[in-house]
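Residue numbers (the working numbering): 26 to 455.
Read through the structure below, which is laid out as structure tokens, and then see the notes.
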Ligand SMILES: Cc1ncc(COP(=O)(O)O)c(C=O)c1O
């Protein structure tokens with residue numbers, strides 16, 4: 026963590042003046058709920074890029090003008106609309122453009138990828154994953170193994186942090202994979218855990234899974250657009266994500282998937298197929314045999330949901346303009362600054378009603394933007410309500426956590442200062 030920070034408002038303002046991404050805030054619509062709203066929920070739903078509305082309007086106009094002909098004649102022809110996402114998504118995931126595709130939604134993509142990469146055989150039937158998976162992922166895994174006739178309790182191994190700990194160490198995870206090497210078929214983790222904010226060591230988990238002869242996949246809901254990824258070089262087999270969090274594509278916007286070239290270029294990779302994954306030149310012949318497009322695009326099933334993609338187009342343009350290195354640098358600075366302020370301002374021994382603990386790891390590479398604090402003695406919801414009443418949009422995760430995400434594209438250092446100052450009036454770190 027940095028030690029060069031100061032506890033003054035003047036210093037927060039200085040950080041804002043030095044911030045080369047400061048002007049990007051103007052590219053987003055900041056919510057106005059009540060008198061003063063400060064948004065710290067980009068980990069849940071990213072803000073709307075100002076260009077989204079015009080892009081949406083343009084598609085509506087093209088639909089009105091061209092009707093079905095819009096598939097070829099719209100300004101951004103609908104037939105190939107999704108292809109424009111390959112380059113920016115490849116930059117954000119550390120992949121080749123043909124390894125990524127914007128399609129479906131997160132949980133739907135997870136089901137599709139599990140159909141391809143869970144291949145139980147003989148004794149190798151187990152799945153190693155996190156106990157703190159987002160429920161949707163757990164439901165997907167459980168329903169999958171039931172389809173194969175297995176008992177989820179026997180087949181799914183869930184790793185949990187030790188008592189009073191909030192992170193799983195890479196050593197624990199890799200040791201567990203090694204221990205189950207004769208029975209594990211799939212290793213599945215989050216890139217960043219939704220509750221604790223822990224960023225997992227994806228390259229080492231991938232290596233351990235491959236040493237054990239298992240496939241490995243990641244849920245990048247809280248990772249894409251947040252932390253740096255090198256999925257191709259790490260040799261990850263597959264990954265899935267949503268685009269409504271750090272990618273700012275709008276509620277329920279199109280999700281995405283990464284499929285490593287070693288599988289994507291192999292036409293025999295098993296998959297749940299559909300016509301949009303079929304060779305584009307013969308797709309409209311509507312003939313018999315499925316000929317997959319080479320790469321991740323060959324895993325699409327349905328035609329692209331254009332209205333659901335305009336927000337992603339608007340947002341990825343901003344990401345490309347800002348540049349990943351700048352975004353990543355500011356993310357670390359915002360995070361370190363917030364942790365510094367929590368440690369400095371919330372240490373006061375005043376009559377605080379609330380005691381909290383920082384549960385997000387502060388180790389470099391083990392966190393993204395999100396900071397999670399755990400409130401003791403079941404009073405967290407009250408503290409959450411106080412912050413919300415003061416205009417700070419943060420979020421509450423049962424049973425005891427408040428999450429904040431200072432997002433590099435639109436949050437300022439002074440906003441972080443204001444939030445922690447408010448928190449320090451009510452709560453003390455223990
Ligand atoms: C970590 C994680 N996985 C899965 C999901 C489910 O996403 P979807 O509803 O887009 O399928 C979410 C939703 O917030 C999530 O945070």
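Cβ coordinates follow ideal geometry from the N, Cα and C atoms, glycine included.
(1) Compute the Euclidean distance between the alpha carbons of residue 304 and residue 316, then round it to the nearest angstrom.
(2) Flag residue 324 as yes when its Cβ comes closer than 7 angstroms to any non-hydrogen atom of ligand 1, and as no otherwise.
(3) Checking the sheet assignment: what are the DSSP bridge partners for residue 122?
(4) Between residue 91 and residue 338, what straight-line distance do the alpha-carbon atoms span, to the nearest angstrom?
(5) Would you tell me roughly how many angstroms separate the C-alpha atoms of residue 330 and residue 373, rounded to the nearest one?
(6) Okay, do the region 62-72 and the region 418-433 touch, 3+ Cβ pairs below 8 angstroms being the bar?
(7) Can you give the Cα-Cα distance for residue 245 and residue 280, rounded to whole angstroms?
(8) Does the distance from the CB of residue 222 to the CB of residue 392 come in under 8 angstroms?
(9) Please report the straight-line C-alpha distance between residue 213 and residue 40, rounded to a whole angstrom.
(10) Quick check: is any heavy atom of ligand 1 less than 7 angstroms from the C-beta of residue 159?
(11) Which word fits residue 52, buried or exposed, when buried means at least 16 other C-beta atoms lie within 10 angstroms of its C-beta?
(12) Leaving aside the five residues before and after residue 26 along the sequence, list all residues of the same chain whose C-beta is less than 8 angstroms from its C-beta, in chain order.
(13) Between residue 220 and residue 306, what straight-line distance do the alpha-carbon atoms span, to the nearest angstrom?
(14) Can you list, in chain order, the residues of its chain whose CB lies under 6 angstroms from that of residue 352, leaving out five sequence neighbours each side?
(15) In chain order, what residues of the same chain lie with their CB nearer than 6 angstroms to the CB of residue 32, ignoring the 5 residues before and after it?
(16) Just how far apart, CA to CA, sit residue 454 and residue 118?
(17) What are the start and end residues of each continuous beta strand (DSSP E) run of 3 or more residues lying completely inside the region 143-188, in chain order?
(18) Is the beta carbon of residue 420 within less than 7 angstroms of some heavy atom of ligand 1?
(19) Express the C-alpha separation of residue 425 and residue 190 in angstroms, rounding to a whole number.
(20) Pop quiz: residue 84 and residue 332 are said to be a contact at Cβ under 8 angstroms. What is the actual Cβ separation, rounded to whole angstroms?
(21) Please say whether residue 340 and residue 74 have beta carbons closer to each other than 8 angstroms?
(22) I want to know whether the region 342-352 touches the region 278-295 - three or more CB-CB distances under 8 angstroms.
(23) Could you check what DSSP says for residue 317 in three-state terms: helix, strand or coil?
(24) Which residue comes first and which comes last in the beta strand (DSSP E) that contains residue 242?
(25) Determine, using beta carbons only, whether residue 323 and residue 289 come nearer to each other than 8 angstroms.
(26) Which of the three DSSP states is assigned to residue 403 in this structure?
(27) DSSP three-state call for residue 65: helix, strand or coil?
(28) Per DSSP, what kind of secondary structure is residue 437 in: helix, strand or coil?
(29) Cβ of residue 385 versus every heavy atom of ligand 1: is any distance shorter than 7 angstroms?
(30) Please classify residue 255: does DSSP put it in a helix, a strand, or coil?
(31) Can you tell me where the alpha helix (DSSP H) holding residue 336 begins and where it ends?
(32) Would residue 165 and residue 185 be called neighbours here (beta carbons separated by less than 8 angstroms)?
(33) Taking CB distances under 8 angstroms as the criterion, tell me whether residue 388 reaches chain D.
(34) If you reduce the DSSP assignment to three classes, tell me which class residue 215 lands in.
(35) Is residue 130 close to ligand 1? I mean its beta-carbon at under 7 angstroms from any heavy atom of the ligand.
Let's see:
(1) When rounded, the distance between both Cα atoms is 6 angstroms.
(2) no
(3) In DSSP, residue 122 forms no bridge with anything.
(4) 21 angstroms
(5) 52 angstroms
(6) Three or more Cβ pairs drawn from the region 62-72 and the region 418-433 lie within less than 8 angstroms of each other, which places the two stretches in contact.
(7) 10 angstroms
(8) yes
(9) About 39 angstroms.
(10) yes
(11) buried
(12) Its pLDDT being 49, under 50, residue 26 is placed unreliably in this model, and the value from its coordinates should be taken loosely. For residue 26, where only same-chain residues beyond five positions count, the Cβ hits under 8 angstroms are 361, 364, 365, 387.
(13) 45 angstroms
(14) 433
(15) 369
(16) 35 angstroms
(17) Segments of the beta strand (DSSP E) lying fully in the region 143-188: 151-155, 181-184.
(18) no
(19) Looking at the two C-alpha atoms, the distance is approximately 14 angstroms.
(20) 6 angstroms
(21) yes
(22) no
(23) strand
(24) 240-244
(25) yes
(26) coil
(27) coil
(28) coil
(29) no
(30) coil
(31) 335-347
(32) Contact flag unset, no.
(33) Of the chains in the structure shown, none is chain D; there is only one protein chain.
(34) strand
(35) yes
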